[in-house]
Structure formats: structure tokens, C-alpha cells
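Counting from 42, one number per residue, gives the positions in the sequence shown under our numbering.
Virtual Cβ for every residue (Gly too), placed ideally from N, Cα, C.
Step one of this worksheet: look at the structure below.
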Amino acid sequence: MPLDTTTFRNVINGELTSTATTRHGVNPANKEPNPEVPVATQEDLDRAVKAARAAFKKWSKTTYEERRKAIFAYADTLEAHTDDLAALLTREQGKPLDQARQEVGMAIVWVRSLPTIEIPETVVSDKDDCKIVHRYTPLGVAGAIVPWNFPVVLALGKIIPAIYTGNSVIVKPSPFTPYCGLKIAELAIPHFPPGVFQALSGGDDLGPMLTDHPGIDKISFTGSTVTGRRVMASCAKTLKRVTLELGGNDAAIVCPDVDLDKIIPNLAVLSFLCSSQICMMVKRLYVHSSIYDAFLAKFTEVVKAFKIGEGTEDGAFIGPVQNGMQFEKAKELFSTIQSENLTAALGGQISESKGYFIPPTIIDNPPESSRVVQEEPFAPILPVLKWDDEDDVIARANASESGLGASVWTKDLEKGQRIADQLEAGNVWVNTHFEVSPFTPFGGHKSSGIGSEWGLPGLVSYCNSQSVWVKKA
Ligand code: NAD
42 MPLDTTTFRN VINGELTSTA TTRHGVNPAN KEPNPEVPVA TQEDLDRAVK
92 AARAAFKKWS KTTYEERRKA IFAYADTLEA HTDDLAALLT REQGKPLDQA
142 RQEVGMAIVW VRSLPTIEIP ETVVSDKDDC KIVHRYTPLG VAGAIVPWNF
192 PVVLALGKII PAIYTGNSVI VKPSPFTPYC GLKIAELAIP HFPPGVFQAL
242 SGGDDLGPML TDHPGIDKIS FTGSTVTGRR VMASCAKTLK RVTLELGGND
292 AAIVCPDVDL DKIIPNLAVL SFLCSSQICM MVKRLYVHSS IYDAFLAKFT
342 EVVKAFKIGE GTEDGAFIGP VQNGMQFEKA KELFSTIQSE NLTAALGGQI
392 SESKGYFIPP TIIDNPPESS RVVQEEPFAP ILPVLKWDDE DDVIARANAS
442 ESGLGASVWT KDLEKGQRIA DQLEAGNVWV NTHFEVSPFT PFGGHKSSGI
492 GSEWGLPGLV SYCNSQSVWV KKA
């Protein structure tokens with residue numbers, strides 16, 4: 042059956058529920074309103090938490106195998122609705138349809154892969170008089186707070202680890218992109234007992250309601266560093282466990298020995314995918330001065346060829362930025378091209394159009410102190426900078442409060458590893474960037490986050506650590 046993408050409701054205790062007040066998101070490609078969605082109240086959240094706590098009692102007693110089976114069946118349902126979910130994602134987020142399909146496909150891979158990771162139970166010691174076992178037990182109720190750039194994969198990347206490890210979960214999509222988040226919860230209804238997997242859409246007050254709620258044991262949050270600080274402060278009141286995946290200002294260091302024709306198409310995609318609204322995009326591109334001019338000329342040619350257009354247009358690679366707030370922020374940052382006397386090698390102007398479109402913009406060797414270097418733009422504007430000395434470029438790459446990702450590009454793998462070893466980031470790559478896997482922990486250093494998601498560490502972040510001592514005598 043095709044997915045109904047006209048009606049959107051919260052999922053509370055296994056039921057689709059509406060609210061007295063509704064609101065709607067906007068299609069960023071044409072600013073037209075998307076359908077109405079619920080605005081959850083404190084009372085809705087209280088009901089969801091009550092249902093989640095009741096469901097946790099039984100769900101936490103099921104085996105990993107039982108949970109895995111339910112999750113695999115859910116993955117099949119998601120897969121059967123890939124096209125509908127991808128079309129909905131393009132309508133709410135703006136990303137081109139093939140990228141939306143990739144996100145949904147990636148999410149399904151995550152749903153199928155995460156529950157194959159074994160959660161260990163370790164016999165620490167087994168002697169005549171005493172046995173000590175270390176194991177992980179579920180926490181209770183998890184709250185998953187999701188941003189608007191990858192509403193499907195980032196939601197399921199929290200939901201599945203929570204459920205698989207025996208918790209119940211309440212997911213809160215961003216008010217900018219609530220649609221897919223609500224539908225993935227609706228599709229889950231037949232697969233999980235009521236209260237295990239719930240979703241609430243709301244306004245700006247719903248996130249703080251979740252972080253404040255005494256009935257929620259853990260918050261997994263992905264979003265900006267500014268909000269992450271607020272989330273942590275709020276969670277401290279009830280000593281909730283927190284995982285924070287926050288902003289980044291990733292550096293990529295290009296060494297003089299690279300094959301320009303090979304790496305430039307990759308680096309162009311890794312700098313401008315999703316209109317650069319990705320936490321781990323290349324946001325500062327350091328190129329060795331001996332190849333700088335040739336690099337910049339070729340890089341600009343490749344980026345110039347990216348087709349800008351609505352997500353539904355054939356061949357579009359650069360869609361609109363996701364929302365008006367982001368568009369205004371970008372316009373303000375673009376104004377620094379003039380106020381800071383920067384040189385745009387490509388783009389630089391934002392003109393009014395029917396959607397929130399911004400042309401990809403490359404800034405030619407701006408000073409390190411310029412805002413476009415210091416801040417995370419989250420819009421398609423990229424500083425390309427010159428470097429000469431290895432120690433100096435490493436220091437410049439590390440001179441950021443953020444530490445999410447960083448990469449080195451070179452044919453000399455030993456040199457690549459040597460530079461990578463000195464980079465202060467949670468994800469370091471040689472000759473690639475933004476590669477992720479459900480089996481690999483993912484998180485940030487410094488202001489880019491606390492804890493990690495995915496892989497075994499991500500799964501056990503939804504658990505208590507428990508040591509069991511059995512005296513035999
Ligand atoms: P945001 O911080 O504005 O919002 C994220 C989510 O938090 C939304 O669901 C929002 O409704 C909710 N929220 C807002 N205020 C809250 C509060 N006080 N308490 C609880 N929840 C609250 O971020 P955004 O603009 O949606 O996303 C963009 C940012 O997210 C960028 O900085 C980007 O780098 C970062 N990001 C990080 C990762 C990562 O994994 N590290 C991934 C994607 C995006």
C-alpha cells in the first residue's frame with residue numbers, strides 16, 4: 042500500500058493521535074506549505090512517557106534475538122516504502138531526489154546492521170569462591186532529538202540502538218522537518234509493542250520539555266553546539282545520560298603530491314553535498330601553495346558544473362538550503378565577502394528566487410581570521426586556503442573549537458597517517474572524508490560533542506554498565 046503523505050499524526054502508545062493545535066513546515070524549493078503536523082503539549086509528552094515506561098518493563102525483558110527479529114521486519118516495511126519516503130524527504134528537506142533516496146537507503150542499512158552488533162557479557166573472573174561478570178542493561182526511556190539536515194538516517198541511527206538494547210524511545214524530529222520522522226514511527230506501529238517506539242512533533246518548546254522530563258533517562262541529541270550546551274544543562278537537573286553530536290568545522294589538508302584530476306571531483310562533492318548542510322562536510326580546504334593555483338582553477342570548474350535546482354528536477358545536485366532561518370544566516374555570512382574584502386573565485390551573490398537557493402561559492406585564500414573560516418557556515422560557501430609548512434597547517438586545522446572530522450589527501454600513506462595522527466577530531470580520514478558506517482563509532486572532540494553513536498560504543502551508550510559478583514561459598 043502506498044504511504045499516505047497527506048495526514049501526519051503523533052504516535053503515542055501505538056496509536057496515531059492528533060493535537061488541538063497544528064502547524065506546518067515549508068517546501069524550501071518553492072516556499073509552499075507542507076501538510077499540517079501536530080503540536081505536542083506537555084500533556085502529550087506525559088502520556089508518551091507513561092506509555093514508554095510501561096512498555097519498558099516488558100520490552101527490556103525480551104532477548105536480543107527477539108528485538109533483532111522485530112527490527113529486521115520493520116526494515117522490510119521501510120524498504121517497501123523507500124520511494125514514498127524519499128519523495129517526502131525531498132519535499133520537506135529540499136535535497137535532490139537521488140540524495141533523498143540515498144539517505145533512506147542508508148538508513149535501512151543502519152536499521153539492518155546495528156542489531157547485528159553483539160553486546161558483550163564479559164566474565165571478568167571465575168574462581169572457586171567468586172564469579173564476576175560485567176554486562177550491560179538497558180537504561181529505560183530514551184529521547185531522540187533530531188536536526189533537519191538528515192531527518193531519516195539521524196533519527197533511525199538513534200531509535201534502533203535504543204530499541205535493540207531494550208529501551209523504549211520517543212523521537213522528536215526538528216520542527217523544520219517533521220514529516221519523515223512521523224511516518225517512520227507510524228510504519229513501526231505493527232512491529233513493536235505500544236509505547237516502545239513513539240514520535241512527537243511540536244514547536245520549539247518540545248525539545249526543552251523532553252530534556253527536562255523526569256521520566257526520560259537519556260537524551261541523544263544531534264544539532265548545533267549552542268543548543269547542545271542547553272541540552273546538557275537541562276539534562277544535568279535529572280542526571281540524564283547524554284550523547285551530543287554537534288557542529289563541525291572540518292579541515293581537509295591537500296598535500297602537493299596528489300593527483301588533482303582524481304581528488305577534485307571527490308572534494309567538490311564532499312564540500313557541497315546537501316548544499317553543505319552536513320556536520321562533517323569539508324568546511325576549510327587547505328591546499329599546498331605549490332599546487333594552489335592549478336587546484337583552484339580545476340576545483341572551480343567542477344563546482345561550476347553542479348546543477349542547481351529543485352530536488353525533483355533531473356540532475357539537480359545543489360538544492361535549496363532547508364529553511365528561511367538558514368537562508369538569512371547564510372545571507373549575513375555572504376555579506377562578509379564585501380565587509381571583509383574577500384575574493385570569491387565562484388559565486389558570492391545570493392539573489393531572490395522562489396525557493397531558498399544559494400549558488401555554491403568558493404572564497405579564494407581568505408585570512409584565517411575571516412568569519413567564513415572561523416564559523417560553521419552550514420551553507421554552500423567554502424574557503425580554500427594556502428599552506429606551506431606541515432606543522433603550521435596542522436596547527437591551523439586544529440585551531441578550532443570544533444573537532445568533528447578532518448582529512449588529509451596524499452599519495453604518501455605514511456605521511457597521510459603522520460598528519461592524521463596529529464589532527465584533533467573524532468573522525469580522521471586519509472584520502473576521503475565523511476565516510477561513515479553503522480559499525481564504526483562516530484562522535485566529536487572538543488565542542489563537537491560528547492560520547493559517540495553507532496558501533497558498540499554507540500549501542501552501549503543506551504545501557505547501564507553493571508558488574509555482578511556472585512560469592513559461591
Ligand atoms: P538545532 O540545534 O537548532 O536543533 C536540533 C534539534 O534540537 C531540533 O530538533 C530542535 O527542535 C531541537 N532543539 C532546539 N532547541 C532545543 C533545546 N533548548 N532543548 C532541546 N532540544 C532543542 O540544530 P539544527 O539547526 O537543526 O542542525 C544544524 C546543526 O546540527 C549544525 O551545527 C550541524 O553541524 C549539527 N549537526 C551535527 C551532526 C553530528 O552528528 N555531529 C549531524 C547533523 C547536524
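Among the options, whose alpha-carbon lies nearest the alpha-carbon of residue i?
{"i": "N406", "options": "I399, E351, W470, V328", "result": "V328"}
{"i": "T103", "options": "N468, F475, P234, I435", "result": "P234"}
{"i": "P255", "options": "F238, S261, R132, C276", "result": "C276"}
{"i": "I332", "options": "A93, V52, V295", "result": "V295"}
{"i": "R270", "options": "G288, I257, P297", "result": "G288"}
{"i": "I211", "options": "F191, T60, T252, W189", "result": "T252"}
{"i": "P69", "options": "G135, I112, M42", "result": "G135"}
{"i": "T206", "options": "T341, C320, K99", "result": "K99"}
{"i": "P498", "options": "L155, M42, D87, D124", "result": "L155"}
{"i": "S488", "options": "D258, R109, R412, A440", "result": "A440"}
{"i": "D291", "options": "C315, M322, T268, Q143", "result": "M322"}
Who are the Cβ neighbours of residue i in its own chain at under 6 Å, not counting the five residues just before and after it?
{"i": "S502", "result": "T284, G492"}
{"i": "A148", "result": "V193, V194, L197"}
{"i": "G350", "result": "A357"}
{"i": "I391", "result": "K372, F375, I399"}
{"i": "M273", "result": "V283"}
{"i": "R176", "result": "E162, Q507"}
{"i": "D433", "result": "none"}
{"i": "V511", "result": "K172"}
According to DSSP, is residue i helix, strand or coil?
{"i": "Q367", "result": "helix"}
{"i": "E442", "result": "coil"}
{"i": "L464", "result": "coil"}
{"i": "D405", "result": "strand"}
{"i": "S392", "result": "coil"}
{"i": "W151", "result": "helix"}
{"i": "D516", "result": "The structure shown does not extend to residue 516, since the chain is modelled only from 42 through 514, so no value can be given for it."}
{"i": "D167", "result": "strand"}
{"i": "W495", "result": "coil"}
{"i": "G66", "result": "strand"}
{"i": "T46", "result": "coil"}
{"i": "V20", "result": "Residue 20 falls outside the range modelled here, since the chain spans only 42 to 514, and no answer is possible."}
{"i": "T279", "result": "coil"}
{"i": "E343", "result": "Residue identity differs from the one stated: residue 343 is Val in this sequence, not Glu. Here V343 sits in helix by DSSP."}
{"i": "K372", "result": "helix"}
{"i": "A514", "result": "coil"}
{"i": "E73", "result": "strand"}
{"i": "C590", "result": "No statement about residue 590 is possible, as the shown extent of the chain runs from 42 to 514 and does not include it."}
{"i": "H474", "result": "coil"}
{"i": "N51", "result": "strand"}
Take residue i and list the residues in its own chain whose beta-carbon comes closer than 7 Å to its own, dropping the five residues that flank it on each side.
{"i": "K339", "result": "L301, I305"}
{"i": "L57", "result": "R50, E227"}
{"i": "T47", "result": "P76"}
{"i": "A229", "result": "Y115, F238"}
For the ligand NAD, is there any heavy atom lying closer than 6 Å to the beta carbon of residue i?
{"i": "T218", "result": "no"}
{"i": "V449", "result": "no"}
{"i": "C221", "result": "no"}
{"i": "E144", "result": "no"}
{"i": "P249", "result": "yes"}
{"i": "P188", "result": "yes"}
{"i": "V90", "result": "no"}
{"i": "R459", "result": "no"}
{"i": "S478", "result": "no"}
{"i": "C320", "result": "yes"}
{"i": "R271", "result": "yes"}
{"i": "T118", "result": "no"}
{"i": "S242", "result": "no"}
{"i": "S441", "result": "no"}
{"i": "S215", "result": "yes"}
{"i": "T252", "result": "yes"}
Could you give the C-beta distance for residue i and residue j, rounded to a whole number, given that I count them as a contact under 8 Å?
{"i": "T481", "j": "G457", "result": "Not a contact, Cβ separation roughly 18 Å."}
{"i": "K452", "j": "V299", "result": "7 Å"}
{"i": "G236", "j": "N54", "result": "5 Å"}
{"i": "L387", "j": "I403", "result": "4 Å"}
{"i": "K345", "j": "L423", "result": "Their Cβ separation, rounded to whole angstroms, is 13 Å, which puts K345 and L423 out of contact at 8 Å."}
{"i": "L326", "j": "A293", "result": "5 Å"}
Take residue i and list the residues in its own chain whose beta-carbon comes closer than 8 Å to its own, dropping the five residues that flank it on each side.
{"i": "F347", "result": "A309, F313, F358, I359, P401"}
{"i": "A385", "result": "I378, T402, I403, I404, D405"}
{"i": "W470", "result": "G446, A447, S448, V449, A461, E476"}
{"i": "Q23", "result": "Not covered by the structure: residue 23. The range shown for the chain is 42 to 514."}
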